[in-house]
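*Asks:* Here it is, the structure, as structure tokens.
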Amino acid sequence: MHGEIALDSTTAIRYLNGDQIVVEKALALPTVVLPLVVVGELLFGAENSLRPLENHIRYLQFIDVCTVIPMGRQTAVFYTQTRSILKRKGRPIPDNDIWIAAQCLEHNWGIVTDDQHFVYVDGLIVERW
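With positions in the sequence shown counted from 1, the corresponding number in the working numbering is that position plus 35.
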């Protein structure tokens, strides 16, 4: 799973909403990777949407065709290191995004996101589509 591209929640939502650029680029990838926290964020978003049943089914169908890797002890090590570095820099980012970054760093995935704060994470390759 090394050298692949993961989608952040913002990009996954754009895909689910039919954003042509994101759809084309994602379909060109050999594998679409979703960090585990992104899966949780997507399902939470579906549950709290105006059409929870419809979105839940649609989101699960999307998740089922993606690669989702569980987190383990090594992910927690990357989380701790990343959060500590961000704290020393004075650049806090949302906790879920630290977990996403940690899983990406652990597996050497780049991240496609609309969130600017991921650029503060040392060693993380950030793409925008």
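Where is the CB? At the ideal position from N, CA and C, for every residue including glycine.
Straight-line CA distance for residue 82 to residue 90?
*Replies:* Residue numbering aside, residue 82 sits at position 47 when the sequence shown is read from its first letter. Residue numbering aside, residue 90 sits at position 55 when the sequence shown is read from its first letter. The straight-line gap from Cα to Cα measures roughly 8 Å.
*Asks:* Once DSSP output is grouped into helix, strand and coil, what is the label at residue 148?
*Replies:* As a first step, residue 148 is located in the sequence shown; it is residue number 113 there, counting from the start. Note: residue 148 maps to coil in three-state DSSP.
*Asks:* Could you tell me whether the region 152-163 touches the region 69-86, where touching means 3 or more Cβ pairs closer than 8 Å?
*Replies:* Contact fails: fewer than three Cβ-Cβ distances are below 8 Å.
*Asks:* Tell me, please, whether the region 118-130 touches the region 95-110 by the rule of three or more beta-carbon pairs shorter than 8 Å.
*Replies:* These segments do not touch.
*Asks:* DSSP state of residue 36, grouped into three classes?
*Replies:* On the sequence shown, position 1 is the one that residue 36 refers to. Because the pLDDT of residue 36 is 47, which lies under 50, any placement of that residue in the model is unreliable, and the question is left without a value.
*Asks:* Can you tell me where the alpha helix (DSSP H) holding residue 140 begins and where it ends?
*Replies:* Here residue 140 refers to the residue found at position 105 of the sequence shown. Note, residue 140: alpha helix (DSSP H), 130-142.
*Asks:* Since residue 160 contacts residue 145 with CB under 8 Å, what's their CB separation in whole angstroms?
*Replies:* Position 125 of the sequence shown, counted from the start, is the residue given in the question as residue 160. Position 110 of the sequence shown, counted from the start, is the residue given in the question as residue 145. Residue 160 to residue 145, Cβ: 4 Å. Contact.
*Asks:* Name the DSSP bridge partner or partners of residue 102?
*Replies:* Stepping through the sequence shown from its first residue, residue 102 is reached at position 67. In DSSP, residue 102 forms a bridge with 68.
*Asks:* How about residue 46 and residue 57: are their beta carbons less than 7 Å apart?
*Replies:* Here residue 46 is taken as the residue at index 11 of the sequence shown, counted from 1. Here residue 57 is taken as the residue at index 22 of the sequence shown, counted from 1. Taking 7 Å as the Cβ cut-off, residue 46 and residue 57 qualify as a contacting pair.
*Asks:* Between residue 63 and residue 42, how many whole angstroms is the CB-CB distance? I'm expecting something under 8 Å.
*Replies:* Numbered from 1 along the sequence shown, position 28 holds the residue referred to as residue 63. Numbered from 1 along the sequence shown, position 7 holds the residue referred to as residue 42. With a Cβ gap of about 13 Å, residue 63 and residue 42 do not count as contacting.
*Asks:* Would the beta-carbon of residue 71 fall within 7 Å of that of residue 94?
*Replies:* For the purposes of this step, residue 71 is taken as the residue at position 36 of the sequence shown. For the purposes of this step, residue 94 is taken as the residue at position 59 of the sequence shown. Taking 7 Å as the Cβ cut-off, residue 71 and residue 94 do not qualify as a contacting pair.
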